[in-house]
Structure formats: structure tokens, C-alpha cells
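So, in C-alpha cells, the structure goes:
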């Protein structure tokens, strides 16, 4: 999902005021980005979150995981300052506490990267292909030479995330702030390559075709016309390739619910 903020400044227009440490622009930009671009848990480090979740599981072993529950609609926040004798304030503060606890549970279950020798680890270098563990930073800083923002990040094994997105989607996601033309081009190229990649590896396709041919040797030598035999073999190959294909749960849900595969606020011209 790529979100483009309407009327946002160009990267160069952002770079100039953000390099001024005395400007209110830098302070407000950092505060905004830190609110939507986090790299640590809401209620402590990973060890304390894991301990809290384990204790909760012991107390209630039949509790449904947060990743399998629907988010709760927040109560209306009072317009007056928070008061202990106000039932609405009490209800809102309880929801807010549950909101942060659920986000930590979702993050621990879905956003924490775990090394997998069969997938993410390079067989030669033994280094994680996703570049974990990642470097941590105690606070957000501005590179004085390039003007790039080095975002605060507290957990080396955690994807950066947006709290509200985690709460609503309840799944793994990775949030990146695109504040340079190079970063924007790289992400657009990555997304385009990802959504247009071939669903099956070439060797898997050839293996499926080989199996079809091996199982239908007698078909090649029967009395039917070449056209009928070719049609039958191609049909079997297509069925075999379809059986070997996999699609994600969100894509399956889109097809079943007949939802569109994208949502936009603008109309775009087709580019060939």
C-alpha cells in the first residue's frame, strides 16, 4: 500500500527547513513521523512484552489471540480535561490501555522477524536476506550532510509499523517514510515487481509439465488426431500448473467477496 499525501512538499523542499535545528518545522516533522513510524513496542522491550503475554496465556489459555479478533470501536473522547469521576473518560482510558496492549500482542505475533534457514538466510553467507537484526537508534536524528532523517528504532528484530494500521489490519506490515526521490523510485519499482512476478518458479513449471507428459505417454500414441491430443495435453498441463499455484489469503478474500483489487482517490491514465 503506497500512500501519497496530497499537497505534500517535494523532498528538496523538506530537506532545507529540516536541516535547521532551530526550526519548528523539524520538530513538528519528527513528532509526526515518530507517531506513525515506530520501531519498538508500546509497553516495554520485547522480553517484558513476551513475559506479559505468557502470563496472560497461563491465566486464560482459551483466550482468542489478538490477530484473530476484530478491533473494538473506540468510545467517544470527552472534550473536557480528563476527570476520574467521569464514566466516559474512564471508559476511554480503558479502551486506550487495551488498544496499546493489543498492538503489542499483534506485533509480537506478526511483526517480529525470526531467522529461517529455509527462507530468509542466504545458504552461502548465512546472512539474513531481510537484513535482520537491524540497527537501533535511541532517538530520531538528522544527518547534517544529506538531511536524511534517521528514525528512532528500539527493537532490532521488529519491522517498523504504524500503531493504528497494526490495530486495524492485525497482521505483519512494514512502514517506510519516503523522503527522497531515490527512495520513492525504489519502492515503486519494488511494488511493481512484486505484484507482477510470476507466481510459479520456472523449475516448478517444468516439473509439472514433465509429470503430465510422463503420466500420459499412451495419449501421445493413440489414434486421435494431433489437434485433439495437443488440446488434451495442454488442458492437463494448465490444470497441473493451476493446482501448483498459491495465492494469499487477502487475494482469495478479494475474489470471493468480489471486491476491487485497489482503491484510489483519483483517476489514472493507462500507461503502456
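Numbering (the working numbering), first residue to last: 140 to 411. Note that beta-carbon positions come from the ideal geometry of N, C-alpha and C, so glycine has one too.
Going by C-alpha to C-alpha distance, which of the options sits closest to residue i?
i: residue 245; options: 180, 157, 404, 174; result: 180
i: residue 293; options: 210, 182, 164, 264; result: 182
i: residue 208; options: 404, 306, 343, 395; result: 306
i: residue 321; options: 149, 200, 218; result: 149
i: residue 379; options: 391, 350, 211; result: 350
Skipping 5 residues on each side, what residues in its chain have a beta carbon closer than 6 Å to that of residue i?
i: residue 216; result: 231
i: residue 213; result: 234
i: residue 221; result: 228
i: residue 280; result: 289
i: residue 314; result: 176, 299, 300, 301
i: residue 169; result: 279
i: residue 309; result: 206, 245
Distance, Cα to Cα, residue i vs residue j?
i: residue 262; j: residue 255; result: 11 Å
i: residue 266; j: residue 295; result: 15 Å
i: residue 339; j: residue 171; result: 41 Å
i: residue 153; j: residue 178; result: 23 Å
i: residue 341; j: residue 332; result: 17 Å
i: residue 365; j: residue 384; result: 28 Å
i: residue 165; j: residue 159; result: 7 Å
i: residue 189; j: residue 174; result: 23 Å
i: residue 186; j: residue 397; result: 42 Å
i: residue 343; j: residue 195; result: 44 Å
i: residue 368; j: residue 359; result: 7 Å
i: residue 405; j: residue 370; result: 44 Å
i: residue 361; j: residue 373; result: 16 Å
i: residue 286; j: residue 241; result: 35 Å
i: residue 197; j: residue 399; result: 42 Å
i: residue 274; j: residue 297; result: 11 Å
Who are residue i's beta bridge partners in DSSP?
i: residue 289; result: 280
i: residue 267; result: 260
i: residue 251; result: 297
i: residue 340; result: The partner list for residue 340 (beta bridge, DSSP) is empty, contrary to what the question assumes.
i: residue 368; result: Beta-bridge pairing links residue 368 to no other residue.
i: residue 177; result: 300
So, at 7 Å on beta carbons, what are the nonlocal neighbours of residue i in its own chain, with the 5 sequence-adjacent residues on each side left out?
i: residue 348; result: 376
i: residue 87; result: In the structure as shown, the chain starts at 140 and stops at 411, and residue 87 therefore has no counterpart that could be examined.
My guess is that residue i and residue j are in contact by the Cβ rule of under 8 Å, so how many angstroms apart are they, rounded?
i: residue 311; j: residue 355; result: Not a contact, Cβ separation roughly 42 Å.
i: residue 291; j: residue 271; result: The pair is not a contact, with the Cβ atoms about 18 Å apart (cut-off 8 Å).
i: residue 248; j: residue 204; result: 6 Å
i: residue 401; j: residue 299; result: With a Cβ gap of about 23 Å, residue 401 and residue 299 do not count as contacting.
i: residue 156; j: residue 147; result: That pair is no contact at about 14 Å.
Spatial neighbours of residue i within its chain, please: C-beta separation below 8 Å, excluding the five flanking residues on both sides.
i: residue 259; result: 252, 267, 268, 269, 271
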